[in-house]
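Novice: One structure follows; several queries about it will come next.
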Amino acid sequence: MPVCLCHSSLALSSKWSSYEGGWDSGRSRYLSGDYNGDGRTDVAASFDYGNGQTGVFVWEGKADGFSDATRRWLSNPGGWNANQTRFMSGDYTGDGRADIGAFYDYGNASTSLFVMEATPGGFTNPATRWSSNPGGWDIARTITF
2 MPVCLCHSSL
12 ALSSKWSSYE
22 GGWDSGRSRY
32 LSGDYNGDGR
42 TDVAASFDYG
52 NGQTGVFVWE
62 GKADGFSDAT
72 RRWLSNPGGW
82 NANQTRFMSG
92 DYTGDGRADI
102 GAFYDYGNAS
112 TSLFVMEATP
122 GGFTNPATRW
132 SSNPGGWDIA
142 RTITF
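The sequence shown maps to residues 2 to 146 in the working numbering.
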């Protein structure tokens, strides 16, 4: 994952690398936020294992780059389809840690908003914070900022 540490030149400096075959970026979606509450921006990624199984990994920001990725949440097989999800970060609980919000598309213009609260050891299981009735909110028609 190249990160631009902007100096007088705009050279990219790699602050984390996986081994060959170790991370498939095409199966991932990336977010940023201070997930551990230490004042540094971290990077999170959802990873689509297939079979409706999704994991969330975090690289914690450090002064000289990032920690190794650690998995902080894993759904059961068939429990969460990453391709039906739009993720976002924010401190939704006001505790100083960025949480992960997820709009989940059930089809038929039926959508739910879940929050995975950041904890010192990872994230809580997704909790429903809002849901539309069928025909009420078509996430496919929503434009991402």
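C-beta: ideal position from N, C-alpha, C; glycine also.
Does the Cβ of residue 145 have 16 or more other Cβ atoms within 10 Å, making it buried, or fewer, making it exposed?
Specialist: Residue 145 sits at position 144 when you count from the first residue of the sequence shown. Flag for residue 145 reads exposed.
Novice: Within the continuous beta strand (DSSP E) that includes residue 112, where are the two ends?
Specialist: Stepping through the sequence shown from its first residue, residue 112 is reached at position 111. Its beta strand (DSSP E) spans residues 111-117.
Novice: In this structure, what does DSSP give as the bridge partners for residue 93?
Specialist: Reading the sequence shown from its first residue, position 92 is the one you call residue 93. According to DSSP, which records beta bridges pairwise, residue 93 is partnered with nothing at all.
Novice: In angstroms with no decimal places, state the Cα-to-Cα distance between residue 80 and residue 31.
Specialist: As a first step, residue 80 must be located in the sequence shown, where it is residue number 79. As a first step, residue 31 must be located in the sequence shown, where it is residue number 30. Straight-line Cα distance between these residues: approximately 20 Å.
Novice: Are the stretch 61-72 and the stretch 82-91 touching by the rule of at least three beta carbon pairs closer than 8 Å?
Specialist: no
Novice: With a threshold of 6 Å, establish whether the CB of residue 117 neighbours any heavy atom of the ligand FMN.
Specialist: Because no ligand of any kind appears in the structure shown, any question about the ligand FMN cannot be addressed here.
Novice: Could you check if residue 126 is buried or exposed, using at least 16 other CB atoms within 10 Å of its CB as the buried criterion?
Specialist: Working through the sequence shown from its first residue, we reach residue 126 at position 125. Taking a 10 Å sphere around the C-beta of residue 126, we find fewer than 16 other C-beta atoms and assign the residue as exposed.
Novice: Residue 95 and residue 114 look like a contact to me (Cβ under 8 Å); what is the Cβ gap, rounded to whole Å?
Specialist: Taking the sequence shown and counting its residues from 1, the one referred to as residue 95 is at position 94. Taking the sequence shown and counting its residues from 1, the one referred to as residue 114 is at position 113. Contact flag wrong, Cβ pair sits at about 17 Å.
Novice: Identify whether residue 38 lies in helix, strand or coil by the three-state DSSP scheme.
Specialist: Position 37 of the sequence shown, counting from 1, holds the residue named residue 38. If DSSP states are grouped into helix, strand and coil, residue 38 belongs with coil.
Novice: Secondary structure at residue 28, three-state DSSP: helix, strand or coil?
Specialist: For the purposes of this step, residue 28 is identified with residue 27 of the sequence shown, where counting begins at 1. Of the three classes helix, strand and coil, the one that applies to residue 28 here is helix, per DSSP.
Novice: Are there three or more Cβ pairs, one per stretch, closer than 8 Å when the stretch 56-63 is compared with the stretch 31-47?
Specialist: yes
Novice: Per DSSP, what kind of secondary structure is residue 140 in: helix, strand or coil?
Specialist: Looking up residue 140 in the sequence shown gives position 139. DSSP, reduced to helix, strand and coil, places residue 140 within a helical segment of the structure shown.
Novice: So, residue 34 versus residue 90, is the Cβ gap smaller than 7 Å?
Specialist: If you number the sequence shown from 1, residue 34 lands on position 33. If you number the sequence shown from 1, residue 90 lands on position 89. Yes, Cβ-Cβ distance for residue 34 and residue 90 is below 7 Å.
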